[in-house]
Amino acid sequence: MIKHHLNPEILMSYAAGNSSSSVSLIVASHITVCSKCRKEVSFYEDIGGKVLEESLSVETKAETLDIILSKLDGLNSELITNTIIENSSFKNIPVVLQKMLPEGNSLTENWKKGIGGIKYFDIDMESVNKDLHARMLSIPPGKKLPNHGHEAQELTLVLEGGFSDENGNYNVGDVAIEDENNIHTPIADSEEGCVCLVVYEGNLKFKGVFGPILNLLKI
Ligand SMILES: [Zn+2]
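Be aware that the sequence shown starts at -9, since it is given in the working numbering, and climbs by one per residue.
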């Protein structure tokens, strides 16, 4: 059961078509598995639809995502020839997110190898906006990260396994919203590890849940 949800501000902004493509990606992925947030989004969409019915200047959320996906389709077709690593299929990747990954549900050689057995894949957001960032992370079981804080908001969606920190346990479907007020020590699930999507905006240091890892992996 999902315990950690997106907040109303993020959902409202998404429903109004005002979210960046990286935040849209994490919201679209989360509401695939979360009926509570899905209902909240459609509630805001209904309100927004009534208010904005006549406006031609407002781009809808669906159009925004379509544009992103159409741009990334070309990219993914170039990557499709890459080898799937054996026994490495993911079970819970939402379709909207699969479309942005090489071979969708599978860990492939496109995923880069980081320190401590971590693997990661950067989703290309730069063709849409160079300040948007989205990274998939696969963290080995029991990996403990140093205590750390954050400089700006980052969203982390758990896709497989989970992690825990001072704020609680985060399992499949849960979203961690980290900002400058949070200091914590996350540990990946001892049996399954953690596969997650992390998004942030701007040219800032990674300081989120898996910030130390992201910084070390920075190219
Ligand atoms: Zn939710």
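We put the beta carbon where it would ideally sit given N, CA and C, even for glycine.
When DSSP states are grouped into helix, strand and coil, Thr98 belongs to the strand group.
Here Lys133 is buried: its Cβ has 16 or more other Cβ atoms, across all protein chains shown, within 10 Å.
Note on Val162: 16 or more other CB atoms within 10 angstroms of its CB, so buried under the neighbour-count rule. In the structure shown, the three-state DSSP call for Phe80 is coil. The residue from Gly7, Ser14, Ser32 and Asn82 with its alpha-carbon nearest to that of Val23 is Asn82.
Using a Cβ-Cβ distance cut-off of 8 Å, the stretch 9 to 18 and the stretch 83 to 91 are in contact, since at least three pairs of beta carbons, one from each stretch, lie closer than that value. Chain order is used for the residues whose beta-carbon lies nearer than 6 Å to a heavy atom of ligand 1, namely Ile(-8), His(-5), Leu(-4), His20, Cys24, Lys26 and Cys27.
Per DSSP, Ser128 is one residue of the beta strand (DSSP E) stretching across Leu122 to Ile129. When DSSP states are grouped into helix, strand and coil, Lys109 belongs to the strand group. If you ignore the 5 residues before and after Ser180, its C-beta comes within less than 8 Å of the C-beta of Pro131 and Gly132, all in its own chain and listed in chain order.
If the five residues before and after Ser19 are omitted, its C-beta is found closer than 7 Å to the C-beta atoms of Pro84, Val86, Leu87, Leu147 and Leu187, all from its own chain and listed in chain order. Under DSSP, no beta-bridge partner is assigned to Val17. Note on Thr98: 16 or more other CB atoms within 10 angstroms of its CB, so buried under the neighbour-count rule. Annotated three-state conformation of Asp169 is coil, per DSSP. Following the DSSP letters along the chain, one finds Ser154 inside the beta strand (DSSP E) bounded by residues Phe153 to Asp155.
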